[in-house]
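Asker: Residue numbers (our numbering): 27 to 334.
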Ligand code: GLN
């Protein structure tokens, strides 16, 4: 089935109306106060086409805490610089464990399973920081330029709160440092990582910022960030690892490369066609947005746009 662009808006409105009628939205993350205070009834969804046209519904222009979604962009920025050498330091297999789990690291010599769990993202951020001297600065510049939104920024309050409740991430970083898999001093790395997690952006911003993955590595200005093969690799790892220990269920229901964050956002890529971002802060027990995944499930079911 070929879907006309003009059909995106009615599809989004239909999905929002269905979500509105669906009880049970999960619970916002409560490990820091700034996330716990979110209204679980919030819901926004955006679709961005390759030419930058964006369709949206609900709270699609409302900035939210992007959290782990930023791991996608950090990975792309580092992979663009160091290529396959990165994979000597982080794997690309699903972990089957919660996003902040420590257990596999000891058996696998401090090499995290994939770049989308916390341990893997710490390694990627560390490497990007070593190469650029300012991983979060690179990330912010990239996201501002791809989204066309120069006001995007980190949230100092959320970053400070992450840091105050950051024992587990600190443990992951120190443990990997003991295997020589972290190059920067751990406090420097954690500061970079917590700031990255605190980025605030809307569904519209994130859908646009993700379009380089739908364009097979080409940025909004026509320059190339990733080779076609690297874009394929990132999309593949998103499909298999982007939603933690629920990646199998996400592939089954949604059928797209995707990445969630505990702020309740989820991005997804339809290679060659468009990107999506949905936000609703209520999470399931694995840390994925309940209404967000349900909305993506409906989108691919209604439109036939999936990779399968
Ligand atoms: N800031 C969160 C953490 O590091 C991000 C995790 C997530 O979104 N899954 O624990």
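Each residue gets a CB set at the ideal place from its N, CA and C atoms; glycine is no exception. Computed from a prediction, not measured in an experiment: that's the story for all the values here.
#1: Which term fits residue 222, buried or exposed, when burial requires 16 or more other beta carbons within 10 angstroms of its beta carbon?
#2: So is residue 32 buried or exposed if we call it buried at 16+ other beta carbons inside 10 Å?
#3: So who's on the other strand from residue 301, going by DSSP bridges?
#4: Would you report the Cα separation of residue 147 and residue 101, rounded to the nearest angstrom?
#5: Whole angstroms is fine: what's the gap from residue 68's alpha carbon to residue 302's?
#6: Taking the alpha helix (DSSP H) that residue 52 belongs to, which residues open and close that run?
#7: Taking residue 89 and residue 227 to be in contact with their CB atoms under 8 angstroms, please state how far apart those CB atoms are, rounded to whole angstroms.
#8: When the Cα atoms are used, what is the spatial distance from residue 120 to residue 249?
#9: Figure out for me which residue from 332, 326 and 58 has the closest Cα to the Cα of residue 37.
#10: Which of the three DSSP states, helix, strand or coil, is assigned to residue 337?
#11: Taking contact to mean 3 or more Cβ pairs, one atom from each stretch, closer than 8 angstroms, check whether the region 315–334 and the region 118–136 are in contact.
#12: Assign residue 209 to one of three DSSP states: helix, strand, or coil.
#13: Tell me which residue opens and which closes the alpha helix (DSSP H) that residue 133 is part of.
#14: Could you compute how far the alpha carbon of residue 277 sits from the alpha carbon of residue 293?
#15: Identify whether residue 263 lies in helix, strand or coil by the three-state DSSP scheme.
#16: Who does residue 179 pair with in a DSSP beta bridge?
#17: Report the three-state DSSP secondary structure of residue 168 (helix, strand or coil).
#18: For residue 319, report the span of its alpha helix (DSSP H) as first-last.
#19: For the region 45–55 against the region 259–274, are there 3 or more C-beta pairs whose distance is under 8 angstroms?
#20: Please state the DSSP three-state secondary structure of residue 34.
#21: By DSSP, does residue 91 sit in helix, in strand, or in coil?
#22: Among 136, 204, 80 and 192, which residue has its Cα nearest to the Cα of residue 218?
#23: What are the residues that DSSP puts in a beta bridge with residue 285?
Answerer: Put simply:
#1: Taking the first residue of the chain shown as 1, we reach residue 222 at position 196. Residue 222 is buried by the Cβ-count criterion.
#2: Mapped onto the chain shown, residue 32 falls at position 6. Exposed: under 16 other Cβ atoms inside 10 Å.
#3: Position 275 of the chain shown holds residue 301. Residue 301 is bridged to 74 and 295.
#4: Against the chain shown, residue 147 aligns to sequence position 121. Against the chain shown, residue 101 aligns to sequence position 75. Residue 147 and residue 101: Cα-Cα distance of roughly 8 angstroms.
#5: If you number the chain shown from 1, residue 68 lands on position 42. If you number the chain shown from 1, residue 302 lands on position 276. Those two C-alpha atoms are separated by around 17 angstroms.
#6: The sequence position of residue 52 within the chain shown is 26, counting from 1. Counting along the chain, residue 52 falls outside any alpha helix (DSSP H), and DSSP gives it neither H nor E.
#7: As a position in the chain shown, residue 89 is number 63, starting the count at 1. As a position in the chain shown, residue 227 is number 201, starting the count at 1. Sure, about 6 angstroms apart at Cβ, within 8 angstroms.
#8: Looking up residue 120 in the chain shown gives position 94. Looking up residue 249 in the chain shown gives position 223. About 31 angstroms.
#9: Within the chain shown, numbered from 1, the residue matching residue 37 stands at position 11. Selected option, being the one with the closest Cα: 326.
#10: There is no way to answer for residue 337, as the model of the chain reaches only from 27 to 334.
#11: Touching, no, given that fewer than three Cβ pairs across the two stretches are closer than 8 angstroms.
#12: Within the chain shown, numbered from 1, the residue matching residue 209 stands at position 183. The answer is coil: DSSP assigns residue 209 none of H, G, I, E or B.
#13: Taking the first residue of the chain shown as 1, we reach residue 133 at position 107. Residue 133 -> alpha helix (DSSP H) spans 129–133.
#14: Translated into positions along the chain shown, residue 277 becomes position 251. Translated into positions along the chain shown, residue 293 becomes position 267. Distance between the alpha carbons of residue 277 and residue 293: 13 angstroms.
#15: Numbered from 1 along the chain shown, position 237 holds the residue referred to as residue 263. Looking at residue 263 - three-state DSSP - the assignment turns out to be helix.
#16: For the purposes of this step, residue 179 is identified with residue 153 of the chain shown, where counting begins at 1. Bridge partners of residue 179: 226.
#17: Reading the chain shown from its first residue, position 142 is the one you call residue 168. DSSP, reduced to helix, strand and coil, places residue 168 within a helical segment of the structure shown.
#18: Residue 319 sits at position 293 when you count from the first residue of the chain shown. Counting along the chain, the alpha helix (DSSP H) containing residue 319 begins and ends at 316–329.
#19: no
#20: Here the question's residue 34 lines up with position 8 in the chain shown. Three-state result, residue 34: helix.
#21: Walking along the chain shown from the start, residue 91 turns up at place 65. Of the three classes helix, strand and coil, the one that applies to residue 91 here is strand, per DSSP.
#22: The sequence position of residue 218 within the chain shown is 192, counting from 1. Among 136, 204, 80 and 192, the Cα nearest to that of residue 218 belongs to 192.
#23: Residue numbering aside, residue 285 sits at position 259 when the chain shown is read from its first letter. DSSP lists 293 as partners of residue 285.
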